[in-house]
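S.K.:
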Amino acid sequence: MSGRDTILTRVRQALSDVPADESPDDVAVPREYRRSSDGARDDVVDLFATNVRDYGATVHRVNPDALPRTVHEICRERGVRTMVTAPGFPEQLVTGAGVVLMRDDSPMSPSSLERADGVATNAALGIAETGTIVLVSGSGMGRRAISLVPDVHVCVIDENQVVATVPEAMDALATSATRPITFVSGGSATSDIELVRVEGVHGPRVLHVVLVTSDTA
Numbered sequence: 005m006s007g008r009d010t011i012l013t014r015v016r017q018a019l020s021d022v023p024a025d026e027s028p029d030d031v032a033v034p035r036e037y038r039r040s041s042d043g044a045r046d047d048v049v050d051l052f053a054t055n056v057r058d059y060g061a062t063v064h065r066v067n068p069d070a071l072p073r074t075v076h077e078i079c080r081e082r083g084v085r086t087m088v089t090a091p092g093f094p095e096q097l098v099t100g101a102g103v104v105l106m107r108d109d110s111p112m113s114p115s116s117l118e119r120a121d122g123v124a125t126n127a128a129l130g131i132a133e134t135g136t137i138v139l140v141s142g143s144g145m146g147r148r149a150i151s152l153v154p155d156v157h158v159c160v161i162d163e164n165q166v167v168a169t170v171p172e173a174m175d176a177l178a179t180s181a182t183r184p185i186t187f188v189s190g191g192s193a194t195s196d197i198e199l200v201r202v203e204g205v206h207g208p209r210v211l212h213v214v215l216v217t218s219d220t221a
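Start counting at 1 in the sequence shown, then tack on 4, and there's your number in our numbering.
1) Could you pull out every residue in the same chain whose Cβ sits closer than 7 angstroms to the Cβ of G1, ignoring the five residues on either side in sequence?
2) Which first and last residues belong to the beta strand (DSSP E) in which H212 is found?
3) Candidates V22, L51, Q165 and A128: which alpha carbon is nearest V31's?
4) Tell me which residues share the same chain as D109 and place their Cβ nearer than 7 angstroms to its Cβ, disregarding the 5 neighbours each side in the sequence.
5) Would you mind stating whether R147 and D121 have Cβ atoms separated by less than 8 angstroms?
6) May I ask you to report which of helix, strand or coil DSSP gives F2?
7) If we require 4 or more residues per run, which alpha helix (DSSP H) segments fall completely within the region 120-200?
8) If you draw a straight line from the alpha carbon of E172 to that of S41, how long is it in whole angstroms?
9) Grouping DSSP H, G and I as helix and E and B as strand, with all else coil, what is E36?
10) Along the chain, where does the beta strand (DSSP E) that runs through H64 open and close?
11) State buried or exposed for S141, treating a residue as buried only when at least 16 other CB atoms are found within 10 Å of its CB.
12) Taking V49 and V166 to be in contact with their CB atoms under 8 angstroms, please state how far apart those CB atoms are, rounded to whole angstroms.
13) Between G60, I161, D196 and V15, which has its C-alpha nearest P208's C-alpha?
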């Protein structure tokens, strides 16, 4: 008997006492895990920033007036000369830095994306307990491809978009379930069998999260 046959046999044996007319909806699933946080709003945002940094990403906490200058400084620091943005992203944040704008209207071909130095997007949500940004295909975030190919990703997110827990994020994303959703926790990285860390393999190597807040501390 093959390994596949062994596994399937065990599954059938485990399900042998399930009535044939029973559906998954007939059995209540206890959901007793923590679904939200009782913490203060500032603590939730602080936790998000801390966990994003733990993944090796850079967090910039700025007020709205400082947002354009911050994006410009990131571009200069990282040597970004061409930047891809999605329709709906405020292009003045990019063009004011003297960066050539490559708007993904057409959409762009894979080879064109490969020639871009960076990508700038908004975010749909941030998850504090995991340090994750969530991108939903659409205005300001565009196609999944544009956030996976360029080497530098600049993501602008408002502190009011940060939720405490993963269940909160799932509830908030329920209405977007039919659209592509991307969860990003730090820059792209992987390790081979010898545990040698390689960055930028299947996504941007560098992630800058610009957290727009009234508190710049």
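Using N, Cα and C, we set each Cβ at its ideal position, and we do this for glycine too.
These numbers were taken from a predicted model, which means no experiment stands behind them.
M.R.: Quick look at the numbers:
1) It is not possible to answer for residue 1, since the shown part of the chain is limited to 5 through 221.
2) Here the beta strand (DSSP E) through H212 covers V210 to V216.
3) Comparing Cα positions, the closest option is V22.
4) Cβ within range, chain order: P91.
5) Taking 8 angstroms as the Cβ cut-off, R147 and D121 do not qualify as a contacting pair.
6) Residue 2 falls outside the range modelled here, since the chain spans only 5 to 221, and no answer is possible.
7) Assignment of alpha helix (DSSP H) within the region 120-200, counting only whole runs of 4 or more residues, yields 170-176 in chain order.
8) Each residue's Cα considered, the two are about 9 angstroms apart.
9) Collapsing the DSSP output to three states places E36 in coil.
10) That run of the beta strand (DSSP E) goes T62 to V66.
11) Looking at its Cβ environment, which holds 16 or more other Cβ atoms inside 10 Å, S141 is buried.
12) Confirmed, Cβ separation roughly 5 angstroms.
13) For P208, the closest of G60, I161, D196 and V15 by C-alpha to C-alpha distance is G60.
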